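Here the structure comes first, spelled out in structure tokens, and everything after it is commentary.
Protein chains: 2
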Amino acid sequence: MNSECSYDIILMKFQEVKLKLKELLIKNRSYRRFYQEEKVDIQDLKEMISNVRFIPSAANLQPLEFILVNNEIKNKSIFKNLKWAGYIEDWDGPEQGERPSSYIVVLGNREISSYIKWDFGIALQTILLSAVEMGYGGCTIASFNKDNIRNLFNIPENYDILPIIAIGKPKEKVVIEEIKDNDIKYWRDENQVHHVPKRSLNDLIFISG
Amino acid sequence: MNSECSYDIILMKFQEVKLKLKELLIKNRSYRRFYQEEKVDIQDLKEMISNVRFIPSAANLQPLEFILVNNEIKNKSIFKNLKWAGYIEDWDGPEQGERPSSYIVVLGNREISSYIKWDFGIALQTILLSAVEMGYGGCTIASFNKDNIRNLFNIPENYDILPIIAIGKPKEKVVIEEIKDNDIKYWRDENQVHHVPKRSLNDLIFISG
């Protein structure tokens, strides 16, 4: 019998299926340096939004809409309006060659609903996990020049501009670690590895049982 | 050669892996009727929160904490404070025997951060997808008596009480359909099938390319 095809191997593959979500969740870090020359296909961006169609929405109102950008000229126009990584001093964001090759600008259509606060997080996580499943990685940028972005895409006033999601092929290593001395600030070591302290399971459980 | 172990079978299993997220997203409906006798193990609830450890958090502050409930007495106390399914008239929620067998009460620790609006949606989607992967289903309930829930669990004033997630083994069929006449209200047919109209991909894309 071919050992490649043993019951254990088959079972292992099912376990991979079972563990897939956790794998995606662990891989889904905030990446801030990318292989800029690796394009993100517009079909891949559309597939991420096609996944968003299925998310829960408060009162099922579905007020979110999306601008998909994957061309160099618009990428450049977006990039210069972004502020990166608040905790890392002396770093203005990724250098030319390491910038995201696509962006999703998320809009809240206030004619549908002004209550977008839960919907955005649900859509955001869905887009990021979808990106990771496709081999990309993203970063959510909440600090940017909204007026410039509004002008750039002629976004009407009845749309809120929500945080921007940068997506590309990640070029950096991000590691999760336990929190020390209650300090949640992420940091970068001398080898450019990005460290992110996360609270323990016990810290997250208020009462159980 | 054992045909069970052919290359095609192996490949098929990898394709299952590849399609897993969309499958979870489609299965992740808001379920409101459950097999109440099927318990949700406390370890499963903890595993959902252990997945939440890995989510992105605004400025990495991680202000969310969770109350895990899976016992009949507390379930009953929570249930009587909930308001179910706004669009469905003449229905006060699931009958005895069809109620959720567990709840996750989500709290925002304001001593850590009062900026929880994105974090909650990210955590919510992560918990719901984790529940679906484990064979459960959930529903998010934003309308409930907060004062009673605060008293029930002695939740200090410096914690915000966010929507409650009900989790159990789903007992109802939920179908997604295209929107007709711009009406996003979900509805229930004579066979108790729950219908949820979702906007099309084109409707969600504001600009592309």
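Those protein sequence lines, which keep their order, are chains A and B. With this note's numbering, letter number 176 in the first sequence gets 298, and the count goes up by one each step, no holes. With this note's numbering, letter number 12 in the second sequence gets 134, and the count goes up by one each step, no holes. All residues carry an ideal CB built from backbone N, CA and C; glycine is no exception. None of the values given here were measured: they were computed from a predicted structure.
Query                                                                                                                                  : Result
Any C-beta of chain C under 7 angstroms from that of residue 260 of chain A                                                            : Judged by its chain identifiers, the structure shown contains no chain C, and its protein chains are A and B.
Beta-bridge pairing of residue 305 of chain A - partner residues as DSSP gives them                                                    : A:302
Limits of the beta strand (DSSP E) - the one that residue 288 of chain A falls within                                                  : 281-290
Between the CA atoms of residue 296 of chain B and residue 318 of chain B - distance to the nearest angstrom                           : 7 angstroms
Residue(s) in a DSSP beta bridge with residue 320 of chain B                                                                           : B:300
Buried versus exposed call for residue 278 of chain A [16 or more other C-beta atoms within 10 Å across all chains shown]              : exposed
Residues that residue 308 of chain B contacts on chain A, provided the C-beta gap is smaller than 8 angstroms                          : 182
Residue 244 of chain A classed as buried or exposed, judged by whether at least 16 other C-beta atoms fall within 10 angstroms         : buried
Assumed close pair residue 225 of chain A, residue 197 of chain A - CB separation to whole angstroms, cut-off 8 angstroms              : 7 angstroms
Exposure label - residue 230 of chain B; buried when at least 16 CB within 10 Å                                                        : buried
Simplified DSSP assignment, three categories, for residue 313 of chain B                                                               : coil
Residue 173 of chain B: contacting residues in chain A (beta-carbon distance under 8 angstroms)                                        : 143, 144, 147
Reduced DSSP secondary structure (H/G/I, E/B, other) of residue 255 of chain A                                                         : helix
Residue span of the alpha helix (DSSP H) that contains residue 169 of chain B, given as start and end                                  : 164-174
CB contact check: residue 295 of chain A to chain B, cutoff 7 angstroms                                                                : no
Nearest to residue 150 of chain A (by Cα), restricted to the options A:200, A:253, A:216, A:236                                        : A:253
Buried or exposed (CB count within 10 angstroms, at least 16 for buried), residue 320 of chain B                                       : buried
Chain A residues whose Cβ lies nearer than 7 angstroms to that of residue 255 of chain B                                               : 143
Below-7 angstroms beta-carbon distance, residue 188 of chain B vs any chain A residue                                                  : yes
Where residue 162 of chain B falls, given that 16 or more other Cβ within 10 Å makes a residue buried                                  : buried
Residue of A:155, A:147, A:180 minimising C-alpha distance to residue 315 of chain A                                                   : A:155
DSSP beta-bridge partners of residue 260 of chain A                                                                                    : A:152, A:289
Assigned exposure category for residue 273 of chain A - 16 Cβ within 10 Å defines buried                                               : exposed
Spatial distance of residue 301 of chain B from residue 222 of chain A (CA atoms)                                                      : 35 angstroms
Sequence-distant residues of the same chain with beta carbon closer than 7 angstroms to residue 167 of chain B, five excluded per side : 190, 192, 224, 226
Contacts that residue 247 of chain A makes with chain B (C-beta to C-beta distance below 8 angstroms)                                  : 177, 178, 243, 244, 247, 248
Test: residue 265 of chain B CB closer than 7 angstroms to a CB of chain A                                                             : no
Interface residues of chain A facing residue 315 of chain B [CB-CB closer than 7 angstroms]                                            : Correct list: empty, because the minimum Cβ distance to chain A is about 16 angstroms.
7 angstroms Cβ cutoff, residue 272 of chain A in contact with chain B                                                                  : no
Continuous beta strand (DSSP E) stretch holding residue 187 of chain B: start and end                                                  : 186-191
Top-ranked residue by Cα proximity to residue 285 of chain A, from B:165, B:145, B:195, B:179                                          : B:179
Residues in the region 206-236 of chain B having any Cβ partner in chain A nearer than 7 angstroms                                     : 208, 229
Proximity test, Cβ basis, 7 angstroms: residue 290 of chain A and chain B                                                              : no
With 16 other Cβ atoms within 10 Å as the buried cut-off, status of residue 271 of chain A                                             : buried
Proximal residues of chain B, C-beta to C-beta of residue 318 of chain A below 7 angstroms                                             : 182
Extent of the continuous alpha helix (DSSP H) to which residue 271 of chain B belongs                                                  : 268-274
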